[in-house]
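Engineer: Same order as they appear, the protein sequences are chains A and B.
Each number in this note's numbering corresponds to the 1-based position in the first sequence with 25 added.
Each number in this note's numbering corresponds to the 1-based position in the second sequence with 331 added.
Glycine residues also receive a C-beta, built at the ideal position from the N, C-alpha and C atoms.
Owing to the predicted nature of the structure, the values given are computational and were not obtained by experimental measurement.
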Amino acid sequence: MVLDERSEGSKVEATPARARIMVGMGTCGIGAGARGVLKSIESELAKQQIQADIVHTGCIGLCSYEVLVDIIIPGRTRVTYKNVKPQTVPLLLEEHIRKGEIVKNHVLSQMVAEEGHEEPYPSVPFFDELIINRPQRKQILRNCGYIDPDSIEEYIARGGYEALKKILNTMSPEQVIEEVSKSGLRGRGGGGFSTGNKWASCAKYSSDEKFVICNADEGDPGAFMDRSLLEGDPHAVLEGMIIGGYAISATSGYIYIRAEYPLAVRRIKHTIEQAKKYGFLGENILGSGYNLNIYIKEGAGAFVCGESTALQYSIEGKRGMPRTRPPQSVEAGLWDKPTVLNNVETFANVPLIMNKGAGWYAQMGTDKSKGTKIFSLTGKIKHPGLVEVPMGTTIRQIVFDIGGGIPRKRRFKAVQIGGPSGGCLPESLLDFPIDYESLLEIGAMMGSGSFVVVDDGTCMVEMARFFMDFCARESCGKCPPCRIGTTLMLDILTRITQGMGEEGDIAMLEEMCGEVKTMSLCGLGQSAPNPIKSTLRYFKDEYIAHIRDKICPTATCTALYRYEVIPDKCTKCQACIRNCPVNAISGSKTEVAFIDKAKCIKCNVCYEKCNFTAIK
Amino acid sequence: MAETNIQSAENEELYLSKAEDILEKYKHGRGSLIPILQAIQTGYGYLPEKVVDFVSERLNISVNEIIGVATFYAQFHMRPRGRHIIKACSGTACHVKGAKQIIEKLGKKLDIPVGETTKDTMFTLEEVACLGACSLAPVIMVDEDVYGQLSHNTVGDIIDEIKD
Chain A
26 MVLDERSEGS KVEATPARAR IMVGMGTCGI GAGARGVLKS IESELAKQQI
76 QADIVHTGCI GLCSYEVLVD IIIPGRTRVT YKNVKPQTVP LLLEEHIRKG
126 EIVKNHVLSQ MVAEEGHEEP YPSVPFFDEL IINRPQRKQI LRNCGYIDPD
176 SIEEYIARGG YEALKKILNT MSPEQVIEEV SKSGLRGRGG GGFSTGNKWA
226 SCAKYSSDEK FVICNADEGD PGAFMDRSLL EGDPHAVLEG MIIGGYAISA
276 TSGYIYIRAE YPLAVRRIKH TIEQAKKYGF LGENILGSGY NLNIYIKEGA
326 GAFVCGESTA LQYSIEGKRG MPRTRPPQSV EAGLWDKPTV LNNVETFANV
376 PLIMNKGAGW YAQMGTDKSK GTKIFSLTGK IKHPGLVEVP MGTTIRQIVF
426 DIGGGIPRKR RFKAVQIGGP SGGCLPESLL DFPIDYESLL EIGAMMGSGS
476 FVVVDDGTCM VEMARFFMDF CARESCGKCP PCRIGTTLML DILTRITQGM
526 GEEGDIAMLE EMCGEVKTMS LCGLGQSAPN PIKSTLRYFK DEYIAHIRDK
576 ICPTATCTAL YRYEVIPDKC TKCQACIRNC PVNAISGSKT EVAFIDKAKC
626 IKCNVCYEKC NFTAIK
Chain B
332 MAETNIQSAE NEELYLSKAE DILEKYKHGR GSLIPILQAI QTGYGYLPEK
382 VVDFVSERLN ISVNEIIGVA TFYAQFHMRP RGRHIIKACS GTACHVKGAK
432 QIIEKLGKKL DIPVGETTKD TMFTLEEVAC LGACSLAPVI MVDEDVYGQL
482 SHNTVGDIID EIKD
């Protein structure tokens, strides 16, 4: 394993004495082929006899440009190369390190000189000036992809653990809570509850044991902010968590992290060990007399464990099923002791607030939603990636300015925000600013921040069915409204997508949405109807087309295909005729194809083989 | 007859020694049932009935409760699995970008339905909710490696590559 071989305690120097090569080794980088690039760099360095340090960094958020390789040569700024492949490595090393020349075909940007004395390259854009980065404000992600996440020294060199030192030396737990309250920070995991209030209500309970928990069970399909943070800047999350622990006088802490994120698990384990070595964690932290130990619990694959009470049961080694509240976790949480549970991104915000002050923080964002929010921008979009924008940024800015719009000349249709508990928002809401309140108003939810763009080729009924299928599968089964309700709604949606929808299905769905929402025990059930509600609200005509006309307007639902040839589009190429397994299609060079419905078995081969979309 | 009994008793001891070590390691922790089951699954590849009985006896937790926990979480498996675990992502981003075709193709290529293991016990095919590599959608994960930006034409090559 490459990751384990890296040497401990690499020194951080503002201007390194020799060249440094940084390879983006987050999950997305590795998925795009970073290991091959890394191997190529290692062998090429030996071959060209170049002395250089290789550093692994996390995700910088520009996933569509992976594999990213950064090179610094002494005295010059840091340059980022995009879409690097193993075969481009020799050229990069030769030109950039040996000759000091930029490789124009692959260069993406350069970083602003940190110490002020590195010489920038002419005609290379700065990272922050890239169109994709301009509307962004990278506060929480500022270290991601920039530093070596396995090196505590690099985190410290960028101001890391200053916040912890400051609060331990100069602030009481009450003052810490007050500062967080004043900043207006709200939980980034979905609900948007005030972090300061949560901490304050936990702090007032005294107990022999108290817990601080970091919820890293990022289960929303389409979300990867927490993974990127844990892979790219794990110390910031840990520092925030230690500060949270101090604020509520926690005796120990747990990080509950998905086992599906093996790299993040390894990173955070290493992070905890390093923090202990430096005295930021463990007994008598930095001589303050405060003790805190943090343990890792790997989640075992259950979406419902993102719910706080379910997560606590899972840590206790039980089935992760939510319970009724009250008592709230702040009063009786893990092992019935007062517990504060926050999301990864929430904790990552805390050091920033402590360092720069609540006043500074509260300047960012909208009236009620402060700070920035990280979104994972994915789906049918030119530049998928991790984006961080101030609260109040519009959907249009994220989709078109940052994401570059929809690829392949297709049209924007909707964006799905907030995962299975969120909603699908149409084109008419593109200029809507995003914050906690506004999203609820228009039928979506902040959720954890997944942001999936879909184009005009996506069927919204099928989309709703997809989410309902997810919720029905992930329902823990404890309360009947969720267990049975999601299954029944899934049945109706499946029927509709298979052309067996009936008049009255829409009314029935609307009624059930209301019932499941009001009667379910936990957030999973309460928000499960959201995808249906929002698609019914904005895309009702698609439901009607499926039910009444038995047509899927986007030709996604195969059961609704009619298998008829559109004569104007048919070029008489006979590809469908040759491929039909039951010889149901007739036609010739001079005659438009014709499908005999009596023979057709609706296998969809003709539709797939037709290059001219002449079959509907 | 007596001889084989002794032998099987010895075998069983050997078989359970791995579980013994795991229990020893976690004996001081609170709420360690899930980490223990995770370690057992890593060690044995699944949760064998015999080992579950053994854990139940040692921890003084009923088999009923252990199975209850094990079946609640998607991660635990009660049957042996293949040497390589293929997790095909069907999260939102992958779904929008054609995960269904990828999964179908994998099933065809391996000649097994989702959730099953190939006859030669090389591969197990599973569908998972989200691997969190959405920007590379559609993706699959083989053991701990993520493969992204797949198409139904390229996904078969990954299997061939691993077989070699």
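Express the C-alpha separation of A:GLU154 and A:LEU93 in angstroms, rounding to a whole number.
Structural biologist: 18 Å
Engineer: If we count the other Cβ atoms within 10 Å of its Cβ and call it buried at 16 or more, is A:ARG573 buried or exposed?
Structural biologist: exposed
Engineer: Answer with yes or no whether the minimum CB distance from B:GLU492 to chain A is below 8 Å.
Structural biologist: no
Engineer: Our contact map puts A:GLN515 next to A:ALA497 with C-beta atoms below 8 Å; I'd like the distance itself, whole angstroms only.
Structural biologist: Here the sequence assigns Leu to residue 515 of chain A, which means Gln is not the residue at that position. Between A:ALA497 and A:LEU515 the Cβ distance is about 5 Å, and since that is below 8 Å, they are a contact.
Engineer: Within the continuous beta strand (DSSP E) that includes B:ARG414, where are the two ends?
Structural biologist: Unbroken run through B:ARG414: none, as it is neither H nor E.
Engineer: With 8 Å set as the bound, which would you pick, yes or no: does the beta-carbon of A:ARG344 sit closer than that to a beta-carbon of chain B?
Structural biologist: yes
Engineer: Out of curiosity, what's the CA-to-CA distance linking A:LEU442 and A:LEU193?
Structural biologist: Per the sequence shown, the amino acid found at residue 442 of chain A is Ile instead of Leu. Each residue's alpha carbon lies about 38 Å from the other.
Engineer: Could you list which residues in chain A have their beta carbon closer than 8 Å to that of B:TYR357, in chain order?
Structural biologist: Those within 8 Å of B:TYR357 in chain A number zero; the least Cβ separation is about 10 Å.
Engineer: How would you write the range of the alpha helix (DSSP H) that A:VAL290 sits in, first residue to last?
Structural biologist: 287-302
Engineer: Return the residue from the list B:PHE385, B:LYS439, B:GLY376 that minimises the CA-CA distance to B:GLU344.
Structural biologist: B:PHE385
Engineer: When the distance is taken between beta carbons, is A:ILE321 closer than 8 Å to A:MET266?
Structural biologist: no
Engineer: Could you confirm whether any beta carbon from chain A is found closer than 8 Å to the beta carbon of B:HIS408?
Structural biologist: no
Engineer: Does the separation of the CB atoms of A:PRO174 and A:GLY83 fall below 8 Å?
Structural biologist: yes
Engineer: Quick check: is the beta carbon of B:THR373 nearer than 8 Å to any beta carbon in chain A?
Structural biologist: Interface flag for B:THR373 against chain A is unset, since no Cβ pair is found closer than 8 Å.
Engineer: Kindly indicate which three-state DSSP category A:VAL329 falls into: helix, strand or coil?
Structural biologist: helix
Engineer: Going along chain B in order, which residues have a C-beta closer than 8 Å to the C-beta of A:PHE328?
Structural biologist: Ordered by position in chain B, the residues that pass the 8 Å Cβ test against A:PHE328 are ALA460.
Engineer: According to DSSP, which residues form a beta bridge with A:THR403?
Structural biologist: A:VAL477
Engineer: Can you list, in chain order, the residues of its chain whose CB lies under 8 Å from that of A:LYS190, leaving out five sequence neighbours each side?
Structural biologist: In the same chain as A:LYS190, and ignoring 5 residues on each side of it, the C-beta atoms closer than 8 Å to its own belong to LEU311, in chain order.
Engineer: May I have the straight-line CA-CA distance separating A:MET416 from A:GLY430, to the nearest angstrom?
Structural biologist: 20 Å
Engineer: Tell me the rounded alpha-carbon separation between A:VAL414 and A:ALA59.
Structural biologist: 27 Å
Engineer: Using only the alpha-carbon positions, how far apart do A:GLU589 and A:CYS501 sit?
Structural biologist: So the alpha carbons of these two residues sit roughly 44 Å apart.
Engineer: Using a beta-carbon distance below 8 Å, is A:PRO287 in contact with chain B?
Structural biologist: yes
Engineer: Starting from A:SER659, follow its DSSP beta bridges and name the residues at the other end.
Structural biologist: Shown here, chain A extends from 26 to 641; a query on residue 659 of chain A therefore has no answer.
Engineer: Which of helix, strand or coil does DSSP assign to A:TYR186?
Structural biologist: coil
Engineer: Less than 8 Å between the beta carbons of B:ILE471 and B:ALA419, yes or no?
Structural biologist: yes
Engineer: Using the rule of at least 16 other Cβ atoms within 10 Å of the residue's Cβ for burial, across every protein chain shown, is B:ASN395 buried or exposed?
Structural biologist: Under the 10 Å beta carbon count, B:ASN395 is surrounded by fewer than 16 other beta carbons and is classified as exposed.
Engineer: Using a Cβ-Cβ cut-off of 8 Å (strictly less than) and excluding sequence neighbours within five positions of A:ALA225, which residues of its own chain qualify?
Structural biologist: ILE202, SER206
Engineer: Tell me, please, whether the CB atom of B:SER339 is closer than 8 Å to any CB atom in chain A?
Structural biologist: no
Engineer: Counting C-beta neighbours from all protein chains within 10 Å, is the total for A:LYS223 16 or more, i.e. buried, or is it exposed?
Structural biologist: buried
Engineer: Quick check on A:VAL590: does DSSP put it in helix, strand or coil?
Structural biologist: DSSP, reduced to helix, strand and coil, places A:VAL590 within a strand of the structure shown.
Engineer: Considering only the beta carbon of each residue, do A:ILE85 and A:ALA44 sit closer than 8 Å?
Structural biologist: no
Engineer: Any idea if A:GLY214 is buried or exposed, counting beta-carbon neighbours within 10 angstroms, 16 or more meaning buried?
Structural biologist: buried
Engineer: On the DSSP letters alone, give me the boundaries of the alpha helix (DSSP H) that A:LEU518 sits inside.
Structural biologist: 505-522
Engineer: Can you tell me which residues form a DSSP beta bridge with A:SER219?
Structural biologist: Partner residues in the beta bridge of A:SER219, as assigned by DSSP, are A:ARG211.
Engineer: Spatial neighbours of A:PHE372 within its chain, please: C-beta separation below 7 Å, excluding the five flanking residues on both sides.
Structural biologist: CYS239, VAL262, GLY265, MET266, GLY269
Engineer: Looking at the secondary structure, which residues open and close the beta strand (DSSP E) in which A:VAL80 lies?
Structural biologist: For A:VAL80, the enclosing beta strand (DSSP E) starts and ends at 77-82.
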